[in-house]
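*Asks:* This note's numbering puts the first residue of the sequence shown at 1038, with every later residue one more than the last.
Can you keep this structure in mind? I'll have questions shortly.
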Amino acid sequence: MSNTAITDNLFGNANPIAVPRTGILPSQQIKNMIREKEIVASKPIKADQIQPASLDLRLGHTAYRVRASFLPGANSTVQEKVEQLDAYPIDISTGAVLEKGCVYVIKLQESLYLRNGIVGVANPKSSTGRLDILTRLISDKCVEFDRVERGYQGPLYVEVAPRTFSVVVEEGTKLNQIRFRRGLGTIAASEIGRLYRGGHLVTNVEHSATTDQRLVKVTIDLEGHERNGLIGFRAKKHTDRIDLACVRKYPAQDFWEPIFATRPSRLVLDPNDFYILVTRESVQVPEGLAAEMVAYDTSIGEFRVHYAGFFDPGFGCGGASSKAVLEVRSHEVPFMLEHGQTVGGLEYERMASTPDQLYGRDSASNYQGQGLALAKQFIPLSL
């Protein structure tokens, strides 16, 4: 398959999606950045860190408990700010607890030496967001979270703030991921509209939300047709800690209260609670594109619907119908959601070239084909 165009076998017509050299860098270009020492690490980078359009980042051996979140600003390094805050070091090399309600800064094993006009943009991993762990990338002299400017040379750090559960981490734990962009990957609104109308971006609802310029709207499912009326989960407030290295270990009922559909189909969000909900729409990300969940419009309500929000090429494709899971908190006041309400939007970007691996086909994927799903650490509820 050419690196300049994707043959439109996914879309069922002869109109290809052109893939320019600008856009999100795919897996094979991330591998090249590693070979060229634009990405270096204190321990060898493993193959399973490389995703179709991103690189998983690993914690180092020391966490610093700090009294407040911070940005270093244009004239300071992260380590200098940590020292100014009289941070308390915690050895996590063999495992340690990060307590909910506290803020930690941890140096990552990976460092960057960016060239060629490349910038980095980070997100929490899906399981991180579903555990209500606020995770943000920080670099020396940065003025924004989760963004690494072109030409940056230096270490990377992550701020970690567990909100609902205390968690166990260790050196090598992967909480966030970074993708790299060269130039702009912007897609014309007319092309987004064409793909949307063809059912190649969101599907499987009778009256789906629409596109708004380049943003594809998604709506909330509060009817729960799939699993006996189950529409979501509300996190319990007093639970045991969660070891992030575990998979399918913890009974879901020990940490979550199931929420079932009511009539009328609505849910009042309590600002003190954390919820896992799901979209009505199934989401697809064709192989020449990547996508990110963004807040649709703050005027639609004072709530947040995601932490992670990044979708790799191949998500929901190949017959694996996949919903977008929403990590929801209300801000300040209770807020009522109603079934079918618009809660966010998907912003699609072009890949710089076709990835040599796709989500769910060639890379590890815990959430391909998902419906309403908790983080991978939990044993699913039997209903």
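Where a beta carbon is used, it is the ideal one built from N, C-alpha and C, also for glycine.
Note that the structure is predicted; figures quoted are calculated from it, not measured.
Quick one, are the C-beta atoms of His1376 and Ser1319 less than 8 Å apart?
*Replies:* In the sequence shown, the residue the question calls residue 1376 occupies position 339. In the sequence shown, the residue the question calls residue 1319 occupies position 282. Contact: no.
*Asks:* Per DSSP, what kind of secondary structure is Arg1167 in: helix, strand or coil?
*Replies:* Along the sequence shown, one-based indexing puts residue 1167 at 130. Of the three classes helix, strand and coil, the one that applies to Arg1167 here is helix, per DSSP.
*Asks:* So, do the region 1189-1197 and the region 1164-1175 have three or more beta carbon pairs nearer to each other than 8 Å?
*Replies:* Contact between the region 1189-1197 and the region 1164-1175 is present, because at least three Cβ pairs lie under 8 Å.
*Asks:* Can you give me the Cβ contacts of Leu1047 inside the same chain, cut-off strictly under 8 Å, excluding the 5 residues immediately before and after it?
*Replies:* One-based indexing of the sequence shown puts residue 1047 at position 10. Since pLDDT at Leu1047 reaches only 30, below the 50 mark, its modelled position is unreliable, and no value is offered.
*Asks:* Assuming Gly1235 and Val1315 form a contact by the criterion Cβ under 8 Å, report the distance between their Cβ atoms to the nearest whole angstrom.
*Replies:* One-based indexing of the sequence shown puts residue 1235 at position 198. One-based indexing of the sequence shown puts residue 1315 at position 278. Wrong, their Cβ atoms sit about 24 Å apart, outside the cutoff.
*Asks:* Which runs of the alpha helix (DSSP H) fall wholly inside the region 1216-1299 and span at least 4 residues, in chain order?
*Replies:* Runs of the alpha helix (DSSP H) inside the region 1216-1299: 1226-1234.
*Asks:* Which term fits Gly1269, buried or exposed, when burial requires 16 or more other beta carbons within 10 angstroms of its beta carbon?
*Replies:* Sequence index remark: in the sequence shown, residue 1269 carries index 232 (1-based). Looking at its Cβ environment, which holds 16 or more other Cβ atoms inside 10 Å, Gly1269 is buried.
*Asks:* What residue does the beta strand (DSSP E) around Ser1091 start on, and which one ends it?
*Replies:* Numbered from 1 along the sequence shown, position 54 holds the residue referred to as residue 1091. Unbroken beta strand (DSSP E) run through Ser1091: Ser1091 to Val1103.
*Asks:* Taking the alpha helix (DSSP H) that Ile1067 belongs to, which residues open and close that run?
*Replies:* Within the sequence shown, numbered from 1, the residue matching residue 1067 stands at position 30. Run containing Ile1067: Ser1064 to Arg1072, per the alpha helix (DSSP H) assignment.
*Asks:* For the candidate residues Arg1231, Ile1416 and Asp1183, whose alpha-carbon lies nearest to that of Pro1161?
*Replies:* Position 124 of the sequence shown holds residue 1161. It is Asp1183.
*Asks:* Label Thr1423 either buried or exposed according to how many other C-beta atoms from any shown protein chain fall within 10 Å of its C-beta, with 16 as the threshold for buried.
*Replies:* This structure does not reach residue 1423, given that the chain is present from 1038 up to 1420, and the question cannot be answered.
*Asks:* Mapping the DSSP letters down to three states, classify Glu1136 as helix, strand or coil.
*Replies:* Looking up residue 1136 in the sequence shown gives position 99. Coil at Glu1136, not helix or strand.
*Asks:* Assuming Gln1066 and Ala1389 form a contact by the criterion Cβ under 8 Å, report the distance between their Cβ atoms to the nearest whole angstrom.
*Replies:* The residue labelled residue 1066 in the question sits at position 29 within the sequence shown. The residue labelled residue 1389 in the question sits at position 352 within the sequence shown. Gln1066 to Ala1389, Cβ: 7 Å. Contact.
*Asks:* Note down the Cα distance separating Pro1063 from Arg1300, rounded to an integer number of angstroms.
*Replies:* Numbered from its first residue, the sequence shown carries residue 1063 at position 26. Numbered from its first residue, the sequence shown carries residue 1300 at position 263. Rounded to the nearest angstrom, the two C-alpha atoms are 45 Å apart.
*Asks:* Looking at the unbroken alpha helix (DSSP H) that takes in Lys1118, where does it start and where does it end?
*Replies:* Here residue 1118 is taken as the residue at index 81 of the sequence shown, counted from 1. Start and end: Val1115 to Gln1121.
*Asks:* Taking all protein chains shown into account, decide if Ala1412 is buried (16 or more other Cβ within 10 angstroms of its Cβ) or exposed.
*Replies:* Within the sequence shown, residue 1412 is the residue found at index 375, counting from 1. Buried: at least 16 other Cβ atoms inside 10 Å.
*Asks:* Between Gly1220 and Thr1059, is the Cβ-Cβ spacing less than 8 Å?
*Replies:* By 1-based counting over the sequence shown, the position of residue 1220 is 183. By 1-based counting over the sequence shown, the position of residue 1059 is 22. Contact flag set, yes.
*Asks:* Confirm, please, whether the CB-CB distance from Leu1281 to Val1206 is below 8 Å.
*Replies:* On the sequence shown, position 169 is the one that residue 1206 refers to. On the sequence shown, position 244 is the one that residue 1281 refers to. Yes. Within cutoff.
*Asks:* Whose C-beta lies closer than 6 Å to the C-beta of Ala1078 among residues of the same chain, with five residues either side of it excluded?
*Replies:* As a working mapping, residue 1078 is identified with position 41 in the sequence shown. The answer, listed in chain order, is Gln1146 and Glu1147.
*Asks:* Look up Thr1379 in the DSSP assignment and give the residues it is bridged to.
*Replies:* As a working note, residue 1379 is residue 342 in the sequence shown. Partner(s): Thr1256.
*Asks:* Run the CB neighbour count on Glu1364, radius 10 Å, all protein chains shown included, and call it buried at 16 or more, exposed below.
*Replies:* Numbered from 1 along the sequence shown, position 327 holds the residue referred to as residue 1364. Its Cβ being crowded by 16 or more others within 10 Å, Glu1364 is buried.
*Asks:* Whole angstroms is fine: what's the gap from Asp1310's alpha carbon to Leu1374's?
*Replies:* Residue 1310 sits at position 273 when you count from the first residue of the sequence shown. Residue 1374 sits at position 337 when you count from the first residue of the sequence shown. Distance between the alpha carbons of Asp1310 and Leu1374 is about 14 Å.
*Asks:* With distances taken Cα to Cα, identify the nearest neighbour of Ile1073 among Tyr1150, Ile1129 and Leu1122.
*Replies:* Numbered from its first residue, the sequence shown carries residue 1073 at position 36. At residue 1073 the sequence reads Glu, which differs from the Ile that was named. Of Tyr1150, Ile1129 and Leu1122, the residue nearest in Cα terms is Tyr1150.
*Asks:* Classify Asn1213: buried if its beta carbon has 16 or more other beta carbons within 10 angstroms, exposed otherwise.
*Replies:* Here residue 1213 refers to the residue found at position 176 of the sequence shown. Buried: at least 16 other Cβ atoms inside 10 Å.
*Asks:* So is Thr1223 buried or exposed if we call it buried at 16+ other beta carbons inside 10 Å?
*Replies:* Counted from its first residue, the sequence shown places residue 1223 at position 186. Exposed, by the Cβ-count rule.
*Asks:* Do you know offhand how far Gly1110's Cα is from Leu1267's?
*Replies:* By 1-based counting over the sequence shown, the position of residue 1110 is 73. By 1-based counting over the sequence shown, the position of residue 1267 is 230. Distance between the alpha carbons of Gly1110 and Leu1267 is about 45 Å.
*Asks:* Answer yes or no: do Ala1298 and Gly1346 have a C-beta to C-beta separation smaller than 8 Å?
*Replies:* Sequence index remark: in the sequence shown, residue 1298 carries index 261 (1-based). Sequence index remark: in the sequence shown, residue 1346 carries index 309 (1-based). Going by C-beta atoms, Ala1298 is not nearer than 8 Å to Gly1346.
*Asks:* My understanding is that Leu1122 touches Ala1100, with C-beta atoms under 8 Å, so please give their C-beta distance in whole angstroms.
*Replies:* Translated into positions along the sequence shown, residue 1122 becomes position 85. Translated into positions along the sequence shown, residue 1100 becomes position 63. Leu1122 to Ala1100, Cβ: 13 Å. No contact.
*Asks:* Using only CA atoms, which one of Ala1084, Gly1097, Arg1278 and Asp1349 lies nearest to Leu1193?
*Replies:* Locating residue 1193 in the sequence shown gives position 156, where the first residue counts as 1. Of Ala1084, Gly1097, Arg1278 and Asp1349, the residue nearest in Cα terms is Gly1097.
*Asks:* With a cut-off of 8 Å on the beta carbons, I'd call Leu1306 and Pro1350 a contact; round off their distance for me.
*Replies:* Taking the sequence shown and counting its residues from 1, one reaches residue 1306 at position 269. Taking the sequence shown and counting its residues from 1, one reaches residue 1350 at position 313. Wrong, their Cβ atoms sit about 32 Å apart, outside the cutoff.
*Asks:* For Ser1419, count neighbouring Cβ atoms within 10 angstroms of its own Cβ and tell me buried if that reaches 16, exposed if not.
*Replies:* Counting from 1 along the sequence shown, the entry for residue 1419 is found at position 382. Flag for Ser1419 reads exposed.
*Asks:* Which of the three DSSP states, helix, strand or coil, is assigned to Ala1389?
*Replies:* In the sequence shown, counting from the first residue as 1, residue 1389 sits at position 352. Of the three classes helix, strand and coil, the one that applies to Ala1389 here is coil, per DSSP.
*Asks:* What does the alpha-carbon distance come out to for the pair Gln1290 and Arg1231?
*Replies:* Taking the first residue of the sequence shown as 1, we reach residue 1290 at position 253. Taking the first residue of the sequence shown as 1, we reach residue 1231 at position 194. The straight-line gap from Cα to Cα measures roughly 43 Å.
*Asks:* Lys1360 lies in the beta strand (DSSP E); which residues open and close that run?
*Replies:* In the sequence shown, counting from the first residue as 1, residue 1360 sits at position 323. Run containing Lys1360: Lys1360 to Ser1367, per the beta strand (DSSP E) assignment.
*Asks:* Please state the DSSP three-state secondary structure of Ala1042.
*Replies:* Translated into the one-based positions of the sequence shown, residue 1042 becomes position 5. Note that Ala1042 scores a pLDDT of 34, beneath 50, so its modelled location is shaky and nothing firm can be said.
*Asks:* Could you check where the beta strand (DSSP E) with Gly1157 kicks off and where it finishes?
*Replies:* Working through the sequence shown from its first residue, we reach residue 1157 at position 120. Looking at the DSSP string, the run of the beta strand (DSSP E) that includes Gly1157 is Ile1155 to Pro1161.
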